[in-house]
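Under numbering that gives the first Met the number 0, the first residue of the sequence shown carries the number 0, and numbering increases by one thereafter.
Ideal Cβ placement from N, Cα and C applies to all residues, glycine included.
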Amino acid sequence: MNTGKTAAVNGITIAYDDEGDAGAPALVLVHGHPFDRSMWRPQIGRFAGESLRVIAPDLRGYGGSTVTRGITPLPVFAADIAALMDHLGVPAALLAGLSMGGQIVMEFHRSHPGRVRGMVLADTTARAETPQGRWERAMTADRLLREGMDGYAAEVLNKMISPANVAGLPEVAAHVLAMMRGTAPQGAAAALRGRAERPDYLDSLAGATVPTLVVVGADDEYTPIAEARLIHERIPGAALAVIEGAAHLPNLERPAEFDRALAGFVSRAASESSR
């Protein structure tokens, strides 16, 4: 078990957790924006004891990793994950990503298909950004650099997790708020500008041959169920799990239900890899 490590890759420092048997199949957990690897605490604790090696990095610009300014395109995030896997001696892995993390997993699959043993795409969209979306991301990036994270975090909390969960799960709400407030505005802005330039991943997903699970919170306003269904329908043999009582962060709002879906995916991926 190696928790709270750092690695020098691609000219930056990546902070990461690495738990479980080093010789076991690897599961790489990719966090969303504007969070850090601590969003995966329930899953790290659950799956590191399930014959898996669980690796959860802080993406560049987030958490304990180097903050880079300007623009961070999705291929840069994917290259960092590939370099971290090289550093850890992991040739291929199951990759799970939520929101922006899901887009990074899709980019990793597009650019490193041979290194992907399976994908979990949670609360994300595969479509390219719209002109309106590009403008909104640019405006938000400018705002974060001008004002910092606090006002933005307070405004979006009720969409990151449902209003019912803000009230009913105060510890989760506090954790989500703390992650957002603790993110460097420069890193968050660079990622927003990079996501504004993302390509459409639907064509590359149509050629996916690895086990894939698509997950979405039933009350997600950022990436509604329709976005999840679009991905699910595009990937041959993909499974779809809709998590009731959750919005954009079902792994934190309903961890038992999320973990149940993830466990089924891990079992399926292990079965298919042994054939």
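Residue of the options minimising C-alpha distance to residue i
| i | options | result |
| --- | --- | --- |
| residue 78 | 211, 111 and 194 | 111 |
| residue 21 | 50, 190, 189 and 160 | 50 |
| residue 217 | 266, 158 and 268 | 158 |
| residue 205 | 245, 11, 237 and 219 | 237 |
| residue 82 | 109, 231 and 114 | 114 |
| residue 210 | 261, 193 and 142 | 261 |
| residue 265 | 68, 8, 52 and 153 | 52 |
Distance between beta carbons of residue j and residue i, contact taken as under 8 Å
| i | j | result |
| --- | --- | --- |
| residue 45 | residue 16 | Actually they are not in contact, since the Cβ atoms of residue 45 and residue 16 sit about 13 Å apart, beyond 8 Å. |
| residue 38 | residue 148 | Contact flag wrong, Cβ pair sits at about 15 Å. |
| residue 188 | residue 144 | 5 Å |
Buried or exposed by the 16-neighbour rule on C-beta atoms within 10 Å, applied to residue i
| i | result |
| --- | --- |
| residue 255 | exposed |
| residue 252 | buried |
| residue 57 | buried |
| residue 3 | exposed |
| residue 138 | exposed |
| residue 42 | buried |
| residue 1 | With a pLDDT of only 48 at residue 1, under 50, the local geometry of the prediction cannot be trusted, and the value read off the model is given with reservation. So residue 1 counts as exposed. |
| residue 242 | buried |
| residue 232 | exposed |
| residue 31 | buried |
| residue 219 | buried |
| residue 140 | buried |
Residue(s) in a DSSP beta bridge with residue i
| i | result |
| --- | --- |
| residue 117 | 93 |
| residue 4 | 15 |
| residue 216 | 242 |
| residue 54 | 17 and 27 |
| residue 211 | 118 |
Checklist entry - Is there contact here, the stretch 210-228 with the stretch 111-129, by at least three beta-carbon pairs under 8 Å? => result yes
Next on the checklist: Between the stretch 90-98 and the stretch 162-178, can you find at least three pairs of beta-carbon atoms closer than 8 Å?
Outcome noted: no
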